[in-house]
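Okay, structure first, notes after.
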Amino acid sequence: MLKKLLPAILVLFVAGCVSLQEQENKVYSASYVGDAETYELKEVVASVRLNDKNEFMNMHIVFSAIINPKEDFIAPSTYSDLRNIVNRLQSRIQSQVLAELLSMEPAVSLNLQKSKEIFTTKAQAVFDNEFKKWSKSSYFEVKIVVSSLYLTDLSVGKESSPRRWGW
Numbered sequence: 074m075l076k077k078l079l080p081a082i083l084v085l086f087v088a089g090c091v092s093l094q095e096q097e098n099k100v101y102s103a104s105y106v107g108d109a110e111t112y113e114l115k116e117v118v119a120s121v122r123l124n125d126k127n128e129f130m131n132m133h134i135v136f137s138a139i140i141n142p143k144e145d146f147i148a149p150s151t152y153s154d155l156r157n158i159v160n161r162l163q164s165r166i167q168s169q170v171l172a173e174l175l176s177m178e179p180a181v182s183l184n185l186q187k188s189k190e191i192f193t194t195k196a197q198a199v200f201d202n203e204f205k206k207w208s209k210s211s212y213f214e215v216k217i218v219v220s221s222l223y224l225t226d227l228s229v230g231k232e233s234s235p236r237r238w239g240w
């Protein structure tokens, strides 16, 4: 009798009638919860037109790179290389987003949710286009996100950073 039931039990198990605990319910230690690393880029500030009367406000945009490994073990120097790549690409990202912002109609640029979507898409595309050239890009998932977006009057500008002289 057991010999006849064993194949039926195996068929039920393989067919999925017996459910196992799902991966999403698995508990991890604190070091595995959240993103592996976040790198904040420099703030972009640009004046945007409010209306046809040439009234302006400053738009402040801050991007962050959210970095997660796809491999179990990655050498620390590889993370360092990735941070350097993100750092070197931030001017390219900012200039393309600024060009996008300056080409937007006032109604679109003042819709912060729509602007955030446009800027995120543009920044990710600029990053991905260069990042894929790195031999170790397949080791990581990097998402470029807008981490801060707000409007101020023209009196509020970008914080100045000290100039470096004599490399």
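For what it's worth, the numbering used here labels the leading residue of the sequence shown as 74, then goes sequentially.
Built from N, CA and C at the ideal position, the CB exists for glycine as well.
Everything numeric in this text was worked out from a predicted model, so none of it was measured.
By the criterion of a C-beta distance shorter than 8 Å, residue 162 is surrounded in its chain by 199, 200, 203 and 204, once the five residues flanking it on both sides are discounted. In this structure, DSSP gives residue 183 a state outside helix and strand, which the three-state scheme calls coil. Of all alpha-carbon atoms in 157, 149 and 222, the one lying nearest the alpha-carbon of residue 191 is that of 222. Nearest in C-alpha terms to residue 126, of all of 179, 196, 146 and 228, is 179. Per DSSP, reduced to three states, the secondary structure at residue 148 is coil, with no helix or strand assignment. Straight-line spacing of the CA atoms in residue 177 and residue 100 works out to 45 Å. Per DSSP, the beta bridge partners of residue 113 are 137. Within the same chain, Cβ atoms closer than 8 Å to the Cβ of residue 129 are found at 120, 121, 122, 123 and 227, the five residues on either side in sequence being excluded. Residue 185 counts as exposed, since fewer than 16 other C-beta atoms from the protein chains shown sit within 10 angstroms of its C-beta. When the five nearest sequence neighbours on each side are left out, no beta carbon in the same chain lies closer than 8 Å to the beta carbon of residue 107. Under the DSSP definition of a beta bridge, residue 213 partners with 142. The beta-bridge partner set that DSSP reports for residue 223 consists of 133.
Pairing residue 216 with residue 151 gives a Cβ-Cβ distance that is not under 8 Å.
Under the 10 Å beta carbon count, residue 213 is surrounded by 16 or more other beta carbons and is classified as buried.
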